[in-house]
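A short write-up of the structure that comes next.
Protein chains in written order, with the numbering used here: chain A, 1 to 316; chain B, 1001 to 1293.
As structure tokens, then:
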């Protein structure tokens, strides 16, 4: 098992290197290069050349990349163009906030979507199935941030049940209930699309399994419907459900950009948006790298979970 | 011996397209979806005749007025008519939807076809590249590229296209892998057809069904992505009205003028919903084997 995980971990390394090359290339494709921002418009050609030499920007790109790469793996992601603060510490401040939000949204959507998906498949074409299918269809058809806006309008402004922004009330950051209270609307906003997609995955995965011969056999043996559905069908459907859920992880993390912006949630997504408007390239590069690492790790996690679920996969 | 009289049964041969149409027609929701999509395209084309006001003319004495018979969807913070802006906004959504989907399909088809047809290390290289692109959350990547090249309608279209080709690439590759070993492509090879001819004449037409389905569903997704980018101010730039940047405007006045954000949001919902319905129906009609995924 540990050998399998190790091997799987090794595969992630070339992927991360590939991502870093793509990002690095993109940064250098920018008109004028990243340093254009740092120098401003009214700078003499001589001074510009001096800055380029100081920063090592007159070196060939592969050399620049190797230098960037070696400092990055040592944890030095450079300093923000705007604040001068090390990018790594800024990322370390924001990352947990994004993880809290995305993990809550993820758990919330699993808890809601899977039971409904199972029920929907078990009672195909029933009223419950029709309503659930219709609602999930609507769910994948509107922008999640718009749902966030509507939720703020209703639950924050109209009924004043939940706060509209932030992670905690100022001065009450240690209060877990206060934090949970702030988490409800953003987590639901980010999770809503996932609820709809996971429900569709679960339903179609279950329907596929339920039409198999071994399910007929199980029923013919006289097993109760409950055992057939949960023990025989769901266990097997879980394999395909896990695969497709794993594929949606990048979209879930990407969704944090808009959710964090709407709810003023101090995470990586909002950090990226601000950095983009300030053209703060070291920060943009750093956020992308961290987000890619989180995604790759999450996919690794799914692969490991997968080996537990699927008895056909052995790891030796 | 009794005379056996053979009666010739007249039955018109049906083409593949007729079969598809027959299957598609049976799906009432998909048919409805298709009609609404056509309707929305007509709205975009005839926007100048449907809009009741100029989309950019401001009227500061009449700002934030609620929906009325003069302004069906009310007015925004500059006194602009929300209804007319929603009508014009359909152009941006459809332009970016079709444009970005076209770019993504083109890249995905080319790379997927090469990977699936040639196999071996070429396949390996392309698929690993696809894995890498898929590992960067798309919205973050989009933000990055737009920050480098600037926000505009055309840039947004290109950026979405060059980020989201991966799924098409995987689908086309899978199709090609299985089609490559079918008898008809071996026959084509045997009579001396070149690679290009086999790819474009024999394999691609057989892989069109999933590509069309993917393309339709993808347009729906692009419209959602575009609205998000425009909402952040990284899509179509004002004064061009896009549903996304109208939502930004509406977000500012959320507590006092609900209509500014509500109507563009509903417009997005309607357009995306019916593209999805159409795509689902096309999948059932064109490609009955495919599942939701």
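Every residue, glycine too, gets a C-beta built ideally from N, C-alpha and C.
Asked                                                                                                                                                                                : Found
Along chain A, in chain order, which residues have C-beta atoms closer than 8 Å to that of residue 1276/B?                                                                           : 137, 140 and 141
Check residue 102/A in the structure and name its three-state DSSP category.                                                                                                         : helix
Taking only three categories from DSSP, how would you classify residue 6/A?                                                                                                          : helix
Quick check on residue 250/A - is its C-beta less than 8 Å from some C-beta in chain B?                                                                                              : yes
Is residue 79/A helix, strand or coil by DSSP?                                                                                                                                       : strand
How many whole angstroms separate the CB atoms of residue 295/A and residue 1147/B, which I take to be in contact at a CB cut-off of 8 Å?                                            : Contact doesn't hold; Cβ gap of about 20 Å is too wide.
Quick check on the DSSP output: what are the complete beta strand (DSSP E) runs of length 3 or more inside the segment 194 to 231 of chain A, in order along the chain?              : none
Quick check on the burial criterion: 16 or more other C-beta atoms within 10 angstroms. Buried or exposed for residue 229/A?                                                         : buried
Looking at C-alpha atoms only, which residue of 131/A, 232/A and 261/A is the closest neighbour of residue 214/A?                                                                    : 232/A
With distances taken from CA atoms, which of 1009/B, 1003/B, 1067/B and 1090/B is nearest residue 1042/B?                                                                            : 1090/B
Buried or exposed for residue 1015/B, going by 16 or more other Cβ atoms inside 10 Å?                                                                                                : exposed
Please state whether DSSP places residue 1048/B in a helix, a strand or coil.                                                                                                        : helix
DSSP has residue 1081/B in a bridge; who is on the other side?                                                                                                                       : 1075/B
Would you say residue 329/A faces chain B, with C-beta separation under 8 Å as the test?                                                                                             : Outside the displayed range of chain A (1 to 316) lies residue 329/A, so it cannot be described from this structure.
Count the C-beta pairs between the segment 174 to 194 of chain A and the segment 249 to 259 of chain A that are closer than 8 Å, then say yes if the count reaches three, no if not. : yes
Nearest-angstrom Cα distance between residue 1040/B and residue 1271/B?                                                                                                              : 7 Å
Hey, residue 1067/B and residue 1077/B are a contact pair by Cβ (cut 8 Å); roughly how many whole angstroms apart?                                                                   : The pair is not a contact, with the Cβ atoms about 15 Å apart (cut-off 8 Å).
Per DSSP, what kind of secondary structure is residue 163/A in: helix, strand or coil?                                                                                               : coil
Any Cβ of chain B within less than 8 Å of the Cβ of residue 117/A?                                                                                                                   : no
Give me the Cα-Cα distance between residue 287/A and residue 227/A, rounded to the nearest whole angstrom.                                                                           : 46 Å
Given this structure, state the Cα-to-Cα distance separating residue 1264/B from residue 1258/B, to the nearest angstrom.                                                            : 11 Å
From the beta carbon of residue 1136/B, is the nearest beta carbon of chain A less than 8 Å away?                                                                                    : yes
As a quick exercise: from 1097/B, 1198/B and 1120/B, pick the residue whose alpha carbon is nearest that of residue 1037/B.                                                          : 1097/B
Is it true that the CB of residue 1033/B sits closer than 8 Å to the CB of residue 1308/B?                                                                                           : Outside the shown range of chain B (1001 to 1293) lies residue 1308/B, about which nothing can therefore be said.
Select from the segment 1111 to 1145 of chain B all residues with a C-beta closer than 9 Å to any C-beta belonging to chain A, and list them in chain order.                         : 1128, 1129, 1131, 1132, 1133, 1134, 1135, 1136, 1137, 1138, 1139, 1140, 1141, 1142, 1143, 1144 and 1145
Check the C-beta distance from residue 145/A over to residue 1228/B and give it rounded, since I have them as a contact under 8 Å.                                                   : 6 Å
Taking CB distances under 8 Å as the criterion, tell me whether residue 283/A reaches chain B.                                                                                       : no
Cα-Cα, which of 1064/B, 1185/B and 1199/B is closest to residue 1261/B?                                                                                                              : 1064/B
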